[in-house]
Structure formats: structure tokens, C-alpha cells
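Chemist:
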Amino acid sequence: MGFLCLSRLRSTCGAGRCTPLLRLTSHRFSSEVYMRYIFFFVLSFALWLLLSGHYSFYHTLVLTMGILSCAFVVYLAGRLDIVDEEGIQINLARHLIVYIPWLAWAIIKANIDVAKRILNPRLPIAPRIVRVTGTQKTDLCRVIFANSITLTPGTVSLDLDEEDIVVHALTKEAADDVQSGDMDRRVTTALEQ
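Start counting the sequence shown at 618; every next residue gets the next number (my numbering).
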């Protein structure tokens, strides 16, 4: 009887009409979906290990409970259709490995510049608001670009719409740096392939 109900439910899943409960079974043989859930499990278990502090095999019960809880979270995420299609894919990791250190270096340089301007009152501070046009196609990439601008000291993203980001810059140099498009190109290269 259960098999009959499951086959009847699967037959109603088509042309984009899948319920979240059945969406996981409709992608049953897709390796991309499996890789997404495996990546989600590995990421959540790494976060669990980092936060729990139990790295030893002497804590076998605790590690087993961590593995089971992460597997349960991945299962629930699949059933509730929480893991989205637009998320960062595994094949983008090589581009992110280049982008994240570049962003960290840009943050360090901007920190030094802002600290110099605070400690030396002779250095000019000329706040301004500029509009930056991004080349990203997805909402996720636009948000990452806006957050990258905000993470860099001396610049803050104020507004984000379909094409432009309104940015407050502390200095003319910071505004020119944001408008140069270097960060925009790097975000687009790292996240949109």
C-alpha cells in the first residue's frame, strides 16, 4: 500500500508542480543534488567540530552524535527544500580560493589607510556617496559584492537595487577604488561561471 501511495505521489510531480516533500525524490539520480547535500553535510559537520571542540576519537559517542545530528539537519533541509539552487557550487571553490585572500588583503590595506587618517588629522577625509554599477547576474552575487564593499573599511553599501549599489566612501581614493570595478570583476569571476 505504501508503495502504491508513493508511486501515485511521484506521478503528480511534474512540470514544476513538485511539493517540497517530493522534490528530493524527483532528483533521485542527479549527482549535482547529491554533491550539494554532501557538501552541506561536510560544511555543517566541520562547523560542529569547530564549535564543539571534540576532535579526539576518545569521544566516540560525542562524535557519533555530531555526525547523526548533522545528517539529520541535512535530511530536514532536503525535506523542507531549504537548500537552494543558487547557492555556491563546489566547482567555484578554486575561484573563491583566489578571491578570499584578495579580499582579506584589500581589507587589511583599507584598515591601515583608515587608521592613518584617524591618527593623523592632516590627512584629508572627504566623505562622498557614489553609485557603483555591478555586473553580477544573480541576487546572491550582488549581495556578496555589496557585502565585500561593506567589509572593506572606509566604504559602506547603503542601498542595493537591480543594477546599482549606492556606496558611502570616507575618502576620494576609497570612492575611486570602488568605482574602478576591480572588486566587481573579481566577484563576477569568482561566483558566476
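Idealized CB from N, CA, C, for every residue including glycine. Model, not experiment: these values are computed from the prediction.
Between Val-760, Trp-665, Thr-677, His-671, which lies nearest to Ser-686 when the distance is taken from Cα to Cα?
Modeler: Closest by alpha carbon: Trp-665.
Chemist: Sort Tyr-654, Ile-746, Asp-781 by Cα distance to Ala-792 and report the nearest one.
Modeler: For the residues Tyr-654, Ile-746, Asp-781, the minimum Cα distance to Ala-792 belongs to Ile-746.
Chemist: Rounded to whole angstroms, how far is the Cβ of Trp-719 from the Cβ of Arg-803, which I believe are closer than 8 angstroms?
Modeler: Indeed they touch by this definition, with Cβ atoms about 6 angstroms apart.
Chemist: Taking the alpha carbon of Thr-788 as the reference point, which residue from Met-800, Ile-742, Lys-754 has its own alpha carbon closest?
Modeler: Ranking the options by Cα distance to Thr-788, first place goes to Ile-742.
Chemist: Do Val-715 and Ala-807 have their C-beta atoms closer together than 8 angstroms?
Modeler: In this structure, Ala-807 lies closer than 8 angstroms to Val-715 by Cβ.
Chemist: What would DSSP say about Asp-778, mapped onto helix, strand or coil?
Modeler: Coil, per DSSP.
Chemist: State the DSSP-derived secondary structure class of Arg-739, mapped to helix, strand or coil.
Modeler: If DSSP states are grouped into helix, strand and coil, Arg-739 belongs with coil.
Chemist: Bridge partners of Val-773, per DSSP?
Modeler: BP columns for Val-773 point to His-785.
Chemist: Roughly how many angstroms lie between the CA atoms of Ile-684 and Ile-717, to the nearest whole one?
Modeler: Cα to Cα, the separation comes out at about 28 angstroms.
Chemist: Have a look at Leu-768, Gly-798, Glu-809, Lys-726 and flag the residue whose alpha-carbon is nearest the alpha-carbon of Asp-781.
Modeler: For the residues Leu-768, Gly-798, Glu-809, Lys-726, the minimum Cα distance to Asp-781 belongs to Gly-798.
Chemist: Can you tell me where the alpha helix (DSSP H) with Ile-766 in it begins and where it stops?
Modeler: Per DSSP, Ile-766 belongs to the alpha helix (DSSP H) from 756-768.
Chemist: Just to check my reading of the structure: Thr-772 and Val-795 have Cβ atoms closer than 8 angstroms, yes? What is that Cβ distance to the nearest angstrom?
Modeler: 6 angstroms between Cβ atoms; contact.
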